[in-house]
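Number of protein chains: 2
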Amino acid sequence: MKFCNQCGAEVVGKIPAGDKRLRYVCISCEAIHYQNPKIVAGCIPEHEGKVLLCKRAIEPRYGYWTLPAGFMELEETSLEAALRETLEEANARVTVSELYTVFNLPNVSQVYMMYRSQLQDLDFSAGDESLEVKLFAEDEIPWDDIAFTTIKYTLKFYFKDQQNKQFRLHTGDIINQDDGSHGFRAGPEQDQEL
Amino acid sequence: MKFCNQCGAEVVGKIPAGDKRLRYVCISCEAIHYQNPKIVAGCIPEHEGKVLLCKRAIEPRYGYWTLPAGFMELEETSLEAALRETLEEANARVTVSELYTVFNLPNVSQVYMMYRSQLQDLDFSAGDESLEVKLFAEDEIPWDDIAFTTIKYTLKFYFKDQQNKQFRLHTGDIINQDDGSHGFRAGPEQDQEL
């Protein structure tokens, strides 16, 4: 950010009075430009124990597999965003049963909210942002070709809970580890081991 | 938004190619300025069945009572934000046990994430943004002087679960009703009646 979106003058980095953080502040009108994390909402579309994955037709991670999900929009609920993204990316209609994961990604200032859902029909197909969409059983999941660590952990929890016949909310953080890989730090709820 | 924060030229409202929504787009560098909902994270600090409320020393809703909560910052997790706000607004140290509510406020493009937590000590006091902080039992809650509808519903679910000796995640939306008041629309999880 270089300019004030209210008056067009330059912004500088400074800590406003009463604040503790560096913000972009306009040198002319003194508007403070706060920046905050974004929510990514999506679905785990189920059918007879399988889940629907989308092969990405866009960067980042072109050609890798993911669950249908995307940025929540203004004036939308997280559930509406999850349904919209599932329709846009997989042309799939689902019935949502529950919020299943809330994962923080502090390194990219995102929060993923993924909902368990049941496909209403099998008339799904690749949307504009997908090359291919397909149902996968646990032993068919292309684990080495999953686009994002947060999706990998969502799927791991999902299939573990499926084996245990007990689905429950999972929370936690996807964090950068010292070796450059991404790890999972469980949230405060109990019994979150994989 | 009137100006591009990247180059300082004017922005206009238009639907970019491949998009379906009106965005602010720069007439010079063509940068698209997306806007997204913000997360408010906070705590329900408990002690012997009572909860800690803060009387607001700032607008909006100056003088009204609320739970400690505030906007999540970049590079922060929702749990870190909840703990930080609880320390800032109530000088209170808590141990978080679980994510308790996820409420969408589509009319103001916010998502509230509130955590159940236990006070580590009784050495709490009003922070800069609070006039007073105080523990309340259910029959002491100043229901007519709660600052925000989302906090009112959080407290209602909390005390109902406390009576039932069974706490669980609640999700839903705070929506504007035809008569101008705010109502609650339960999320997809079962058994969310108050």
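One line per chain: the protein sequences are A and B, in this order. Residue 549 is where the first sequence starts when you use this note's numbering, and the numbers rise one by one after that. Residue 549 is where the second sequence starts when you use this note's numbering, and the numbers rise one by one after that. From the three backbone atoms N, C-alpha and C, an ideal C-beta is built for every residue, glycine too. The structure presented is a predicted model; accordingly, all values stated were derived computationally and were not measured.
- prompt: Within 10 angstroms of its Cβ, does Met549 (chain A) collect 16 or more other Cβ (buried), or is it exposed?
  reply: exposed
- prompt: How about Asn639 (chain A): is its C-beta nearer than 8 angstroms to some C-beta of chain B?
  reply: no
field: alpha helix (DSSP H) runs wholly inside the segment 694-726 of chain B, at least 4 long, in chain order
entry: 697-712
- prompt: How would you label Leu631 (chain A), buried or exposed, when you count the other beta carbons within 10 angstroms and need 16 or more for buried?
  reply: buried
task: Report the neighbours of Gln740 (chain A) on chain B: residues whose CB is nearer than 9 angstroms to its CB, in chain order.
output: Within 9 angstroms Cβ-Cβ: nothing; Gln740 (chain A) doesn't reach chain B, min ~11 angstroms.
query: Rounded to a whole number of angstroms, what is the C-alpha to C-alpha distance between Leu717 (chain A) and Glu677 (chain B)?
result: 33 angstroms
- request: Taking C-beta pairs closer than 7 angstroms, name the residues in chain A that Gln583 (chain B) reaches, listed in chain order.
  value: Leu622
Three-state secondary structure (DSSP) of Pro637 (chain B): Correcting the residue identity first, residue 637 (chain B) is Glu in this sequence and not Pro. Glu637 (chain B) falls in the helix class under three-state DSSP.
field: Ser778 (chain A), DSSP secondary structure in three states
entry: Since the displayed chain A opens at 549 and closes at 742, residue 778 (chain A) lies outside it and no answer follows.
- prompt: Within the 8 angstroms Cβ cut-off, does Pro736 (chain A) reach chain B?
  reply: yes
- request: Take Ile606 (chain A) and list the residues in its own chain whose beta-carbon comes closer than 6 angstroms to its own, dropping the five residues that flank it on each side.
  value: Glu677
message: Is the separation between the beta-carbon of Ala640 (chain B) and that of Phe672 (chain B) shorter than 8 angstroms?
response: yes
task: On the DSSP bridge assignment, give the partners of Leu653 (chain B) in chain order.
output: B:Gln658
task: Spell out whether any CB of chain E is found under 8 angstroms from the CB atom of Leu667 (chain B).
output: Annotation note: the requested chain E is absent from the structure, which comprises protein chains A and B.
- prompt: Taking one C-beta from the segment 647-654 of chain B and one from the segment 597-616 of chain B each time, how about it: are there three or more such pairs within less than 8 angstroms?
  reply: no
Where the beta strand (DSSP E) containing Glu680 (chain A) begins and where it ends: Ser678 to Phe684
message: Please state whether the Cβ-Cβ distance between Arg609 (chain B) and Ala695 (chain B) is less than 8 angstroms.
response: yes
Positions along the segment 577-611 of chain B whose CB lies within less than 8 angstroms of some CB in chain A: His581, Tyr582, Gln583, Asn584, Pro585, Lys586 and Ile587
Within 8 angstroms, strictly: CB atoms of Leu622 (chain B) and Asn584 (chain A): yes
message: So if I threshold CB-CB distances at 9 angstroms, which residues from the segment 550-580 of chain B count as touching chain A?
response: Lys550, Phe551, Cys552, Asn553, Gln554, Cys555, Gly556, Ala557, Glu558, Val559, Gly566, Lys568, Arg569 and Tyr572
query: Taking one C-beta from the segment 556-564 of chain B and one from the segment 550-566 of chain A each time, how about it: are there three or more such pairs within less than 8 angstroms?
result: yes
query: Can you list, in chain order, the residues of its chain whose CB lies under 6 angstroms from that of Phe705 (chain A), leaving out five sequence neighbours each side?
result: His718
- prompt: With Leu600 (chain A) and Val681 (chain A) assumed to form a contact (beta carbons below 8 angstroms), what rounded beta-carbon distance in angstroms separates them?
  reply: 6 angstroms
field: Contacts of Val642 (chain B) in chain A (Cβ-Cβ under 8 angstroms)
entry: Per Cβ cutoff of 8 angstroms: no residues; Val642 (chain B) is ~11 angstroms from chain A at best.
message: Using beta carbons (cut-off 8 angstroms, strictly below), is Asp721 (chain A) in contact with chain B?
response: yes
message: On a Cα-Cα basis, can you pick out the residue from B:Thr643, B:Glu636 and B:Phe732 that is closest to Leu653 (chain B)?
response: B:Phe732
field: Amino acids of chain A, ordered along the chain, whose beta-carbon sits closer than 9 angstroms to that of Leu679 (chain B)
entry: Neighbours of Leu679 (chain B) on chain A: none; closest Cβ ~16 angstroms, over 9 angstroms.
message: Quick check on Leu570 (chain A): does DSSP put it in helix, strand or coil?
response: coil
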